[in-house]
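The numbering used here numbers the first residue of the sequence shown as 1 and each following residue consecutively. Right, one structure below, let's go through it.
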Amino acid sequence: MSVIDSIREFLWEYFIRPMYTREGYNAYNTLVYGFLLGVGIIYSYKIVERLKIKIDERLIYSVAPMIVFGSTTRALVDAGVLPKNPLILTPGIFFTAFFLILPALVIDSKTKKYPKITVAWGSLLSLIALYLFVTNVEYPKALYLTIIYTLIFSIPLLPFYKKIDRIFFYALLAHMLDIASTLVAIVYLGYYEVHWIEGWLSKTFDPFVLYPWKLFILAVIYYGLKYLVPNEEERRFWYVAVFILGFAPGVRDTVQMVLMG
Numbered sequence: 001m002s003v004i005d006s007i008r009e010f011l012w013e014y015f016i017r018p019m020y021t022r023e024g025y026n027a028y029n030t031l032v033y034g035f036l037l038g039v040g041i042i043y044s045y046k047i048v049e050r051l052k053i054k055i056d057e058r059l060i061y062s063v064a065p066m067i068v069f070g071s072t073t074r075a076l077v078d079a080g081v082l083p084k085n086p087l088i089l090t091p092g093i094f095f096t097a098f099f100l101i102l103p104a105l106v107i108d109s110k111t112k113k114y115p116k117i118t119v120a121w122g123s124l125l126s127l128i129a130l131y132l133f134v135t136n137v138e139y140p141k142a143l144y145l146t147i148i149y150t151l152i153f154s155i156p157l158l159p160f161y162k163k164i165d166r167i168f169f170y171a172l173l174a175h176m177l178d179i180a181s182t183l184v185a186i187v188y189l190g191y192y193e194v195h196w197i198e199g200w201l202s203k204t205f206d207p208f209v210l211y212p213w214k215l216f217i218l219a220v221i222y223y224g225l226k227y228l229v230p231n232e233e234e235r236r237f238w239y240v241a242v243f244i245l246g247f248a249p250g251v252r253d254t255v256q257m258v259l260m261g
């Protein structure tokens, strides 16, 4: 076997095939995706900084509709409503969403209309995806359960509303949606956790141990960023990234359960 064939086989085995089979993460794609994520966040911040977009709650409002579009589209692929395509599979959907939202942010910045155009563009795309979602619902109970658990998990966080950065508080709520959808999938529908540590914790102890584990990780991230990133604007952009990393899988998993049961 030639070197080129070996490289192709390696890429297929550890990167391309998992995109189609949803068999979970492995050591290789986890390290590469983690590295690309970090680089992507840094360069995205440089772009936002150059566009002179202030890092505040409006950025959350700007990206949320596009996240709904991307996550719902990804779930529609899993449910067989849309055909499999690398551009709308993980991690391709992240790049697709990024290149779809970037022109809107540029136009918003240049025309001084931020965030109206970005929100409108993301909302239009998300409505198209949500239409396909609503017309293919199979298991609505998953949506109700996820909402209930999200609310229950969010209640202990309410005292921190005025004590921490507002953007990070939104990130906390996004991750409550994420953990709620994960637990509903595992406990009620027989799914399993695809991430290494979380999968081990879920199997060794109980799926609900993932809730305090999630809170612990978020606390480490918050205080770690607070002390390691002195620039407030840059730090708040990382908070936005944390929001995206919670909201995106939370929406995707919820939609997938409702479509597939």
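Even for Gly, the Cβ is constructed at its ideal location relative to N, Cα and C.
Around the beta carbon of L158, a 10 Å sphere encloses fewer than 16 other beta carbons of the protein chains shown; the residue is thus reported as exposed.
Taking a contact to require three or more Cβ pairs closer than 8 Å, the region 106–116 and the region 154–173 do not qualify as touching. The region 121–131 makes contact with the region 66–79, as at least three CB pairs between them are under 8 Å.
Taking each of F205, I244, M260 and I152 in turn and checking the Cα distance to G40, the smallest one comes out for I244. Around P140, the same chain offers V258 as residues with beta carbons nearer than 8 Å, after the five sequence neighbours per side are excluded.
The DSSP-derived three-state label of Y192 is coil.
Burial check for V32: the Cβ neighbour count within 10 Å stays below 16, so the residue is exposed. By the C-beta density criterion, T204 is exposed, having fewer than 16 other C-beta atoms within 10 angstroms. For V48, the CB contacts under 8 Å within the same chain, skipping 5 residues up- and downstream, are I55, L59, L105 and F237 in chain order. Between the region 75–89 and the region 142–159, the count of C-beta pairs closer than 8 Å stays below three; the two stretches do not touch. A distance of 7 Å or more separates the beta carbons of A174 and Y239. The Cβ-Cβ distance between F153 and A129 does not fall below 7 Å.
Secondary structure of V39 (DSSP, three-state): helix. Residues of the same chain with a CB within less than 6 Å of the CB of T73, apart from the 5 flanking positions on each side, are I88 and A129 in chain order. In the structure shown, L51 falls within a coil segment according to DSSP collapsed to helix, strand and coil. Residue burial annotation: I148 is exposed, with fewer than 16 other C-beta atoms found within 10 angstroms of its C-beta.
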